[in-house]
Every structure is written in structure tokens, then in C-alpha cells.
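According to the working numbering, the sequence shown is numbered sequentially starting from 155.
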Amino acid sequence: MAQPSPDLQEQRFQLLVNSVVDYAIYMIDADGTIATWNPGAKRFKGYEAEEIIGKPYATFFLPEDREAGLPQQILATAASEGRFEGEGWRMRKDGSRFWAHVVVDAIYDGDRNIVGYAKITRDLSDKRDAEKALKESEERFRMLVQSVKDYAIYMLDTDGRVTNWNSGAQLIKGYGAQEIVGEHFSRFYTEEDRAAGEPERALETARTKGKYEKEAWRVRKDGTRFWASVLLDPIYDESGELTGYAKVTRDITERKKAEEALEEARAALYQSQKLQALGELTGGIAHDFNNLLTVIRGSAELLLRPGLSLERRERYLGSIIETADRATALTSHLLAFGRRQALKPEVLQLNVRLDAFAEMVQRTFGSKYEVTIDLDPDLWLVEVDVTQLETALLNAAINSRDAMPDGGTLVLRTRNLPESNEVSIEVEDSGEGMSPEVVERVFEPFFTTKPVGKGTGLGLSQIHGFAAQTGGRAEITSRRGEGTRLSIILPRSHKAEEEDEAAEAPSLPFAGLRVLLVEDNEQVRHFAEHLLEEMQCDVTSADSGEAALAVLAKESFDLLFTDVVMPGMSGIELANRVRKDFPDLPILLASGYSEEVVRGAANKFRMVSKPYGFTSISQAFGEVIPSRAAA
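Structure follows, in C-alpha cells:
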């Protein structure tokens, strides 16, 4: 292919140069005068070609740069080194300045003599302004970070080493920047946290989850600890590569101390309230039990008198039994308040119970009171101890009656609570109501507004304990002159409703049954011995779990009957040992508390509640020894 002529090449080159508008491209003669001028030069510097060609190129320099000989130095560098490149201020025709990137190349003839210079200039004012703004912004940010004293703000590299350090970090942690930059941030952790791998876990959490946030102990340079609020964020570059972590730490030791002091104050207040309640509880118990003991002791002393008629003997015995039942009921209320009474829950339909209960209350209270029911026809089932439920409802009804001395309306209501999946039983009266101060204390034991001798103050406490032990709660709302509404809120049950079973104890033959009785209380042990002998059992007694194991090592038995709460080895520990060593030996536990139920003992062993008698023991024996029941 034929090469274009030199003239054509020059024309093409000229077209190329003239088409460039983002660069000033022109030639300078060897003496520094401008020889050519392109549109880009006109655009940057404002001169037409006829205005500037033939003028010295120093025209574009600032006066101080011309005085310093900068234009001559640039050409001298290009002449000696073949090229000059740099940046600096230049002037337009209108006198305004712009920041220019300049390249000057020497032009040689065939004998390597300089005949001129090729000059390319680019206006970088916008870029320089942006870089300057960024630098100023970074400087302001650095000053901002450095001025923060209450927070340690610094960066880590991808391995967890400190790359910068602000004054707040030095103030909080005690290290100067020269001491800590380049060190691993695990230095601030306690020895136990380092051993547990907490620093590595923090970096991993921040990397995988986008943030690590925690409160924990950290260590200063002097070895002292402080409670720190820590935030760790990952830092990524524009390509999404992890470049490090931003870490912010705040010393919140004083806040933690204040929170602990507040919690101690709350605990002290709670303890004070408990002591106050305990004082009231003790006084109530002492009063009620002294009355009960007076009847029991007096009747027992009368029984010791010689020559009593059979009629009087039966009367005194009846008084003792009746008073003991009242003591049992009082104890049951106390245990329900303390959430320690073992319950016997069953699934039931509340509406059926409340319908019958309302009829009974109406007959009992009389015509001055109107007892109505408002029952949800689609009420959910609940699982409760029926006796405790009826006791709670009766206590609530009696309180309502006492609040309406001149008569009034008592409403028994049930409804579902879909938002919490619970069932509410409400007892509402039209009585005199209570003040807010009284409402706050109604569930305290032995707190009562009734006159002395008119109430023990245990009624609402029993309701509260029963509801809590069943997994629900009791709430009360009342206003002076507007009546009171008590709500017993219970969890919904999804179990099938159970059929009522006869609770009467079967009459079972236990003659000759070999029973190992374990009871640490001497009086209870003697009573149990007499009871078992009345059942015609062969009884061997032990006063501790250790003694029982020693007996079992020598003799064989048909049943182990042991108390639960004993010093040393408990009845549950004894039962577990016996179950392991004598797997075929039936076991029956006895207790007045439900701690053993909470620990799961009821799932492994049959239990009987104290106080027990001939009927409850016979029924329990028949369950743990079915062969005897069938005999």
C-alpha cells in the first residue's frame, strides 16, 4: 500500500491536534515564543491564535513565577533531560488562575539540535479542588476523631492490629499512639477472655454478621479493669474487599456501678418489704395457730380425764379432727401463697363449674345478693387443681360479699384472651371499692382492711399463689365507690377433658406388708408407725437415709415409705439409690412441699402429701403395690 505524502501526513496530524479540546497542545520555538495554538489551548487560556502566536510562553505564568525564572528553568530542564513534567498555577487571558498539569518535550532536528518544544497542558483545577476538599474533609474528620475524649476510636487491620489511635483511646486505655500502633487489639482483653478466644470471635462476628457489639471487662495499660461498651464494624474498599475494622470503645464503668447500686437498692427495698410481710405473716400465723392449738390441746387434756362418757369422748375427738382439718386448710393457703403446695391439676370446662358454683353462692349468701353469670359459650379448657380453684373463687366471693354489707350484685364471668392464649375468670362486685394504696397491697399475706377477727388476710394471697403456681396470674382493679373486679388468668389447655373419678379410698388388705419407714421427725415417725400398724403392716423405722440403707443391706421389704425433706441424705436421694440397688422395691414419698415436684421427682415416684391419714395412705399403697389391691 502506498504511503501518504508528507503534506497529507502533516494535514492529518494538524486535524488530530485541532480536534483535541481537553488539552492545550502547542509548540514553542527554541527562544520560548509560541509557534502554534490549538482549540484546547484557546479553551483553557482564553487567547485566540492570532493574539498569542509569537508571544513568549511565559505570558501564562504568575508574576512571581516569572520573576523567579520558572519559565526558563522548565525549558532548560526539557533541553537537558529531554522532558519536563510538573504541576503549578497558570494564568488565563482574563487574569484568573487555574491549576495546570504541564508536559514539555524537546524537539530535535536531524543533527540533535533543539529547534523547539512541544507543550501539552491540562486544566486540573476541578480535580485539585476535589482533592483539596477531600484532604480538608479528612483533616477535619481526623481532628474530630482526635478531639473526642469520651470514646476510644481507632482502626484495626484485617489481622486485628491497631493502625491508628485517637486521644480518647489514650485517655481510656492509657497507651500512647507510639506504644500501641502495630500491636494486636487482644491486649485490651482480660486473660480469661483471651483464653476463651473472645478477640478472634469478635473479628469473626463483625466480618460475618456486619457488626460486633458487646459490654464486657477490658484492661488498661496499668492492669486495672473497666467495663466497656464495644462496637466493631468491618471496613470494605470499593471492590468489596475487607481492609480492616473500625472500633469504638466507651468506658461505662460508672454507669455499671450506678446500675449495680440501683439494683442493690431495689434488692434492699424488696428485702425490707419481705421482712414487713414476714412480720405480718408471723403475727397472723401465731394468732390463728394459737387458736387451733388451744382447741386441740384442750380437747386432748379432757380426753385424759377418767370416767368420760363415750358421747363426750367422741365429741372431743371430733373437735380435734375438725381443728386439725382447719389447720391443714390454713397450711394449704400458706403453701399456695408461697407457691410450694403440690397441686393435682385436671383438665376441665370452667363454665360447668362456675354455673354450679354460682348456684351454691346464691343459696349461701341469701336474697340480699344477686349472683349472675356471664359465661363465654366457646370457652377454652384449662388445667387446674379443682380444690384450689374452688377455694380461690370462694375467697373472692366472700371478699365481694363483705364489700357489700347492705347487699349488691356479684357477677361471675369467663372469657377467652386470644392475644395471650389464656382464659380469664372474673369475680366482679358492686361494692364500696378500694383506694389505690389498698389495691397495691391486697395480695400481701395477712394484709386486710377488715376488723380484727373478721378475716385472716390470706384469701387474696391464696388466690395469687394458686394462679401463679398454675402458670397464670391474678389481677385486681378497683375504685372507691365503683366496686372491684378480680381476674384469675389461667393458661389455655389443649388436653382432652378428663372424666371425674371417684376419690374414695379403696379398702385394701395390707396385713403382713413389710414396710421400711424413713422419717427424721420423731413425733411424725411414731404417728406413722401407729398408722401403719393399724393397717396391720410389719413396720421397721429409720430416722435417716443413711440408716435406711444400712437396714436394707440386712433385710428385705415390700415397700419403702420415706419423707422427702430430711437432713443429710434427702428422701429423693435415698429413693434414687434404692431404685438403683433394689429396682423391684416399690417406693412411696411423703412431703408437705413441692420442691421435689419441681425437680421432677413426681415423674419417677408416687407421692403423698402431708398431713396424711389412713385413707390417703391406703389409697397410695394400693397404687404403688397393685398386687395387694387385687388380692
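Where is the CB? At the ideal position from N, CA and C, for every residue including glycine.
_Endpoints, beta strand (DSSP E) assigned at His648_ = As a working mapping, residue 648 is identified with position 494 in the sequence shown. Unbroken run through His648: none, as it is neither H nor E.
*Alpha-carbon to alpha-carbon, Leu457 and Arg467*: What you label residue 467 is simply residue 313 of the sequence shown in a count that begins at 1. What you label residue 457 is simply residue 303 of the sequence shown in a count that begins at 1. Each residue's Cα considered, the two are about 6 angstroms apart.
*Does DSSP put Asp277 in a helix, in a strand, or in coil?*
For the purposes of this step, residue 277 is taken as the residue at position 123 of the sequence shown. Residue state, collapsed to three classes: strand.
_Would Ile179 and Tyr211 qualify as a contact pair, given that the criterion is a beta-carbon distance under 7 angstroms?_
Taking the sequence shown and counting its residues from 1, the one referred to as residue 179 is at position 25. Taking the sequence shown and counting its residues from 1, the one referred to as residue 211 is at position 57. Cβ atoms of Ile179 and Tyr211: not closer than 7 angstroms.
*asked:* Counting C-beta neighbours from all protein chains within 10 Å, is the total for Met514 16 or more, i.e. buried, or is it exposed?
replied: Position 360 of the sequence shown holds residue 514. Exposed, because fewer than 16 other Cβ atoms sit within 10 Å of the Cβ of Met514.
_CB of Asp183 within 7 angstroms of CB of Gly264, strictly_ = Residue mapping note: residue 183 aligns to position 29 of the sequence shown, counting from 1. Residue mapping note: residue 264 aligns to position 110 of the sequence shown, counting from 1. Taking 7 angstroms as the Cβ cut-off, Asp183 and Gly264 do not qualify as a contacting pair.
*In whole angstroms, what separates the C-alpha of Glu354 from that of Tyr308?*
Stepping through the sequence shown from its first residue, residue 354 is reached at position 200. Stepping through the sequence shown from its first residue, residue 308 is reached at position 154. Inter-residue distance for Glu354 and Tyr308 is about 18 angstroms (C-alpha atoms, whole angstroms).
_Distance check for Ile228 and Glu333, CA to CA, integer angstroms please._
Counting from one through the sequence shown, the residue named residue 333 turns up at place 179. Counting from one through the sequence shown, the residue named residue 228 turns up at place 74. Roughly 46 angstroms separates the two Cα atoms.
*Among the residues of its own chain, which have a CB less than 6 angstroms from the CB of Glu369, if the five just before and after it don't count?*
Translated into the one-based positions of the sequence shown, residue 369 becomes position 215. Contacts found: Ser383.
*Could you check the C-alpha separation between Phe711 and Arg480 for me, to the nearest Å?*
Looking up residue 711 in the sequence shown gives position 557. Looking up residue 480 in the sequence shown gives position 326. Going by the C-alpha atoms only, they are around 36 angstroms apart.
_Spatial neighbours of Phe198 in its chain, beta-carbon cut-off 6 angstroms, leaving aside the 5 residues before and after_ = In the sequence shown, residue 198 corresponds to position 44, counting from 1. Same-chain partners within the cutoff: Ala178, Asp277.
*asked:* What does the Cβ neighbour count give for Asn553, buried or exposed, with the cut at 16 atoms within 10 Å?
replied: Numbered from its first residue, the sequence shown carries residue 553 at position 399. Asn553 counts as buried, since at least 16 other C-beta atoms from the protein chains shown sit within 10 angstroms of its C-beta.
_For Thr403, report the span of its beta strand (DSSP E) as first-last._
What you label residue 403 is simply residue 249 of the sequence shown in a count that begins at 1. Unbroken beta strand (DSSP E) run through Thr403: 396-405.
_Considering only the alpha carbon of each residue, which of Gly626, Leu533, Asp313, Gly240 lies closest to Arg361?_
Taking the sequence shown and counting its residues from 1, one reaches residue 361 at position 207. Comparing Cα positions, the closest option is Asp313.
*Per DSSP, what kind of secondary structure is Ala207 in: helix, strand or coil?*
One-based indexing of the sequence shown puts residue 207 at position 53. A small fix is needed here, since residue 207 is Ile in this sequence, not Ala. Here Ile207 sits in coil by DSSP.
*Apart from the five residues on each side of it in sequence, which residues of its chain come closer than 7 angstroms, Cβ to Cβ, to Val752?*
Here residue 752 is taken as the residue at index 598 of the sequence shown, counted from 1. Annotation note: pLDDT 37 at Val752 (below 50); position unreliable, coordinate value reported separately. Around Val752: no qualifying Cβ.
*Work out the CA separation of Thr568 and Gly613 for me, nearest whole Å.*
Along the sequence shown, one-based indexing puts residue 613 at 459. Along the sequence shown, one-based indexing puts residue 568 at 414. Only weak support is given to the placement of Gly613: the predicted model assigns it a pLDDT of 49, under 50, and the question is left unresolved by the model.
*Should Thr545 go down as buried or exposed, given a rule of 16 or more other Cβ atoms within 10 Å for buried?*
The count along the sequence shown starts at 1 and reaches residue 545 at position 391. Taking all protein chains in view, the Cβ of Thr545 is crowded by 16 or more other Cβ atoms within 10 Å, so the residue is classified as buried.
*Beta-carbon gap between Leu564 and Val506 smaller than 7 angstroms*: One-based indexing of the sequence shown puts residue 564 at position 410. One-based indexing of the sequence shown puts residue 506 at position 352. For Leu564 and Val506, no; Cβs fall outside 7 angstroms.
*In terms of residue numbering, what span does the beta strand (DSSP E) encompassing Phe198 cover?*
For this step, residue 198 is matched to residue 44 along the sequence shown. Where Phe198 is concerned, there is no enclosing beta strand (DSSP E), although the alpha helix (DSSP H) it sits in stretches over 193-199.
*Okay, do the stretch 497-504 and the stretch 530-547 touch, 3+ Cβ pairs below 8 angstroms being the bar?*
They touch, by the three-pair rule.
*Can you name the start and end residues of the alpha helix (DSSP H) that Ile228 belongs to?*
Here residue 228 refers to the residue found at position 74 when the sequence shown is read from its first residue. That run of the alpha helix (DSSP H) goes 224-235.
*Let me know the secondary structure DSSP gives Met720 once reduced to three states.*
As a working note, residue 720 is residue 566 in the sequence shown. In the structure shown, Met720 falls within a coil segment according to DSSP collapsed to helix, strand and coil.
_Closest by C-alpha distance to Trp371, when choosing among Gly330, Glu346, Asp280_ = Position 217 of the sequence shown, counted from the first residue, corresponds to residue 371. Comparing Cα positions, the closest option is Glu346.
*Starting from Val515, trace the alpha helix (DSSP H) both ways and give me its first and last residue.*
What you label residue 515 is simply residue 361 of the sequence shown in a count that begins at 1. Looking at the DSSP string, the run of the alpha helix (DSSP H) that includes Val515 is 504-519.
*Using alpha carbons as the reference points, say which of Gly587, Phe715, Trp243 lies closest to Cys691.*
As a first step, residue 691 is located in the sequence shown; it is residue number 537 there, counting from the start. Checked all of Gly587, Phe715, Trp243; the closest Cα to Cys691 is Phe715.
*When you compare only the Cα positions, how much space is there between Val258 and Asp248?*
As a working note, residue 258 is residue 104 in the sequence shown. As a working note, residue 248 is residue 94 in the sequence shown. If you take the alpha carbons of Val258 and Asp248, they lie about 24 angstroms apart.
*How would you write the range of the beta strand (DSSP E) that Asn570 sits in, first residue to last?*
As a position in the sequence shown, residue 570 is number 416, starting the count at 1. First-last of the beta strand (DSSP E) with Asn570: 562-571.
*According to DSSP, what are the bridge partners of Arg555?*
Within the sequence shown, numbered from 1, the residue matching residue 555 stands at position 401. Per DSSP, Arg555 has no beta bridge partner at all.
*Taking the Cβ atom as the reference point for each residue, do Ala306 and Gly330 lie within a distance shorter than 7 angstroms?*
Stepping through the sequence shown from its first residue, residue 306 is reached at position 152. Stepping through the sequence shown from its first residue, residue 330 is reached at position 176. No, Cβ-Cβ distance for Ala306 and Gly330 is not below 7 angstroms.
*At a cut-off of 6 angstroms, is Ser554 close to the ligand GDP when judged by its beta-carbon and the heavy atoms of the ligand?*
For the structure depicted, the ligand GDP is absent and the ligand set is empty, with no information on it obtainable.
*Could you check the C-alpha separation between Leu403 and Tyr366 for me, to the nearest Å?*
What you label residue 403 is simply residue 249 of the sequence shown in a count that begins at 1. What you label residue 366 is simply residue 212 of the sequence shown in a count that begins at 1. According to the sequence provided, residue 403 is Thr. The question's Leu does not apply to it. Cα-Cα distance, rounded: 12 angstroms.
_Backbone secondary structure at Ala457 - three-state DSSP_ = Residue numbering aside, residue 457 sits at position 303 when the sequence shown is read from its first letter. The question names Ala, but residue 457 in the sequence shown is Leu. Looking at Leu457 - three-state DSSP - the assignment turns out to be helix.
*Tell whether a beta-carbon distance below 7 angstroms holds between Arg646 and Asn575.*
Taking the sequence shown and counting its residues from 1, the one referred to as residue 646 is at position 492. Taking the sequence shown and counting its residues from 1, the one referred to as residue 575 is at position 421. Against a cut-off of 7 angstroms, the Cβ pair of Asn575 and Arg646 comes out as a contact.
*From Phe768 to Met689, what does the alpha carbon distance come to, in whole angstroms?*
For the purposes of this step, residue 768 is taken as residue 614 along the sequence shown, with counting starting at 1. For the purposes of this step, residue 689 is taken as residue 535 along the sequence shown, with counting starting at 1. Phe768 and Met689: Cα-Cα distance of roughly 8 angstroms.
*Cβ neighbours of Phe214 in the same chain (closer than 7 angstroms, five flanking residues each side left out)*: In the sequence shown, residue 214 corresponds to position 60, counting from 1. Contacts found: Lys199, Arg244, Met245.
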